[in-house]
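Student: In this note's numbering, the protein residues as written are 1176 to 1769.
1) Can you tell which of 1571, 1203, 1532 has its C-alpha closest to the C-alpha of residue 1666?
2) Does the beta-carbon of residue 1575 have 16 or more other beta-carbons within 10 angstroms, so that it is buried, or is it exposed?
3) Checking 8 Å against the spacing of the C-beta atoms, do residue 1579 and residue 1615 come in under that value?
4) Using the Cα positions of residue 1572 and residue 1564, report the straight-line distance between them to the nearest angstrom.
5) Helix or strand or just coil, what does DSSP make of residue 1327?
6) To the nearest angstrom, how far is it from the Cα of residue 1378 to the Cα of residue 1283?
7) Does DSSP put residue 1219 in a helix, in a strand, or in coil?
8) Are residue 1232 and residue 1224 touching if we call contact CB-CB under 8 Å?
9) For residue 1385, which three-state DSSP category applies?
10) On the DSSP bridge assignment, give the partners of residue 1354 in chain order.
11) Spatial neighbours of residue 1347 within its chain, please: C-beta separation below 7 Å, excluding the five flanking residues on both sides.
12) Restricting to Cα atoms, I'd like to know which of 1219, 1701, 1391 is closest to residue 1549.
13) Alpha carbon to alpha carbon, how far is residue 1450 from residue 1421?
14) Could you tell me which uninterrupted beta strand (DSSP E) segments, each at least 3 residues in length, are contained entirely in the segment 1572-1648, listed from first to last along the chain?
15) Given this structure, state the Cα-to-Cα distance separating residue 1650 from residue 1642, to the nearest angstrom.
16) Compare the Cα-Cα distances from residue 1481 to each of 1538, 1468, 1456 and report the closest residue.
17) Is the closest heavy atom of the ligand ADP to the C-beta of residue 1277 under 7 Å?
18) Which parts of the segment 1449-1522 are runs of the alpha helix (DSSP H), unbroken and 4 residues or longer, counting only runs that do not cross its ends?
19) Is there a C-beta anywhere in chain C that falls below 8 Å from the one on residue 1602?
20) If the criterion is Cβ atoms closer than 8 Å, does the pair residue 1570 and residue 1673 meet it?
21) Rounded to the nearest angstrom, how far is the Cβ of residue 1637 from that of residue 1685, given a contact under 8 Å?
22) Nearest by alpha-carbon distance to residue 1646: which of 1620, 1618, 1694 is it?
23) Between which two residues does the alpha helix (DSSP H) carrying residue 1667 extend?
24) Going by beta-carbon coordinates alone, are residue 1175 and residue 1294 separated by less than 8 Å?
25) Please tell me whether residue 1395 and residue 1364 are closer than 8 Å, where the distance is taken between their beta carbons.
26) Could you name the residues that DSSP lists as bridge partners for residue 1273?
27) When the Cα atoms are used, what is the spatial distance from residue 1739 to residue 1510?
28) Helix, strand or coil for residue 1698? Go by DSSP, reduced to three states.
29) Which one of 1374, 1407, 1401, 1312 has the shortest CA to CA distance from residue 1361?
30) Determine the direct distance from the alpha carbon of residue 1465 to that of residue 1411, and round the result to whole angstroms.
31) Select from 1239, 1211, 1534, 1273 the residue whose C-alpha is nearest the C-alpha of residue 1494.
32) If I follow the unbroken beta strand (DSSP E) through residue 1370, where does it start and stop?
33) Which residues in the same chain have their Cβ closer than 7 Å to the Cβ of residue 1152, if we skip the five residues on either side of it in sequence?
34) Between the alpha carbons of residue 1349 and residue 1240, how many angstroms are there, rounded?
35) By a C-beta neighbour count over all protein chains shown, 10 Å radius and 16 as the cutoff for buried, is residue 1372 buried or exposed?
36) Rounding to the nearest angstrom, what Cα-Cα distance links residue 1521 and residue 1606 in this structure?
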């Protein structure tokens, strides 16, 4: 069947003018497709359209069934009324003819004139046979041809042979009826026998049904017009009723969109006491609660940023004093006892980490306050990445980790080299800490719109769900794991803020035992738009299952757009967390970012 259809299409395509017709129909098909798309979009987006259309469809079915039932019932009543009147008229006319033809022998000469005269009297408007209610009719008499020559009068040619046969076989008291068409007009034919002095006569009355046909046509047109008017009224009623429900929903959606856009004072108008009013009251209560919590969260955030900034600045002076004392002790460590010598070395090491933590806290406070400045300039990203990897080669050498670099020259971008170098340095140091001594791969690639850096290790990897957590402040995957780079726990948090400051992405991927990968994607120009990354995130198998990992990134990647952090949620729900005791207020171990 499919082969036949293809062959038919091929033959049709070869017909003269087929291509011209196809070209002419092309724009029509395109317009029809666009119209279908618009209708489908309107159907999906409009609740009112769906309700009105469904109401019209169901109402049309009901009106159609009701119209058919009414038409059938009216037609049956009209025909039954006509039939009763026709039977009554036929009985009266039969009695009249029997009185006139009782002594007439149909086989004698001159009987034709007698029959014609009897029919003329019967059909005369002033005759006794016109006293019925069946309306106009015509009559016919015939002897049939079974027992001799046929003698007939009137419209015998309009009587079917089947009805003549049924009438001939019936008794004098029997009556038969049949519906037939005469000259395009439906007729009701009543047949019966009449006794005479000789052979019996067959008597027929033909009642035209054109009056009933006109009445039925009028009924049909009335039903059609009434049905259409009813459908229009039902559509209008459904539209008005649906609008009363849809309008508050649309208003609620508009208010919710404005509320989500930052207009926290938006509220729904409450009218009446029905379900919509209850919805508006509930929404207003929810919006008020959310606005209060958001305001509280913003206040707490401002207090946190101010506290972090103030504490960081205030700690600089005592830290400088302690540093000077520690340097004196460290310089004279050879003169100290072995236990004191080790203490001085640990003091200097921890002071170095404390200074790094303090610098990171100051940077975080500037980023949170929105006062961080981007010193963008035209740089070669490969050169920036090379300087960052050179800064951690000592850590890589101590860990026995090889750095495998793929840094093609000429990847020029507008960026802040200090911040980009800090991002790459944090990523590489993090990969060395978790790479289990295996090689760490650093790759740079670019396209017309963006440039990407991927840092890949083959160490412990990340468990499911941890790719979103690695950018949280002070989050660590394994609390007991030793760190070679002495991280502060804020490196990845600062890195993702630096990536956002450039308008770029910082994404993470990992599998237990299969290592992890971090991808930094930056636009070529400051303020440029990124829709895809030049490099995949993770191995090809993982990239095939994650649309964000390939060259078609349709949504904001992981780690971006996380406005509420764990500490923010703690402030929203303080009753769920017990306050810390003084003994628990220990310094958070800053050893690493994961």
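Beta carbons: idealized from backbone N, C-alpha and C, even for Gly.
Tutor: This is what the structure gives:
1) 1532
2) exposed
3) yes
4) 12 Å
5) strand
6) 19 Å
7) helix
8) no
9) helix
10) 1363
11) 1368, 1370
12) 1701
13) 13 Å
14) 1578-1581, 1587-1590, 1615-1621, 1625-1632
15) 11 Å
16) 1538
17) Although the ligand ADP was asked about, the structure shown includes no ligands whatsoever.
18) 1450-1506
19) This model lacks chain C altogether; it includes just one protein chain.
20) no
21) 3 Å
22) 1694
23) 1666-1676
24) Nothing in the structure corresponds to residue 1175, since the chain is present only between 1176 and 1769.
25) no
26) Residue 1273 is not bridged to any residue.
27) Only weak support exists for where residue 1739 lies, its pLDDT of 33 falling under 50; the coordinates are left without a value.
28) strand
29) 1312
30) 40 Å
31) 1534
32) Note, residue 1370: premise wrong, no beta strand (DSSP E); not H, not E.
33) Since the displayed the chain opens at 1176 and closes at 1769, residue 1152 lies outside it and no answer follows.
34) 39 Å
35) exposed
36) 25 Å
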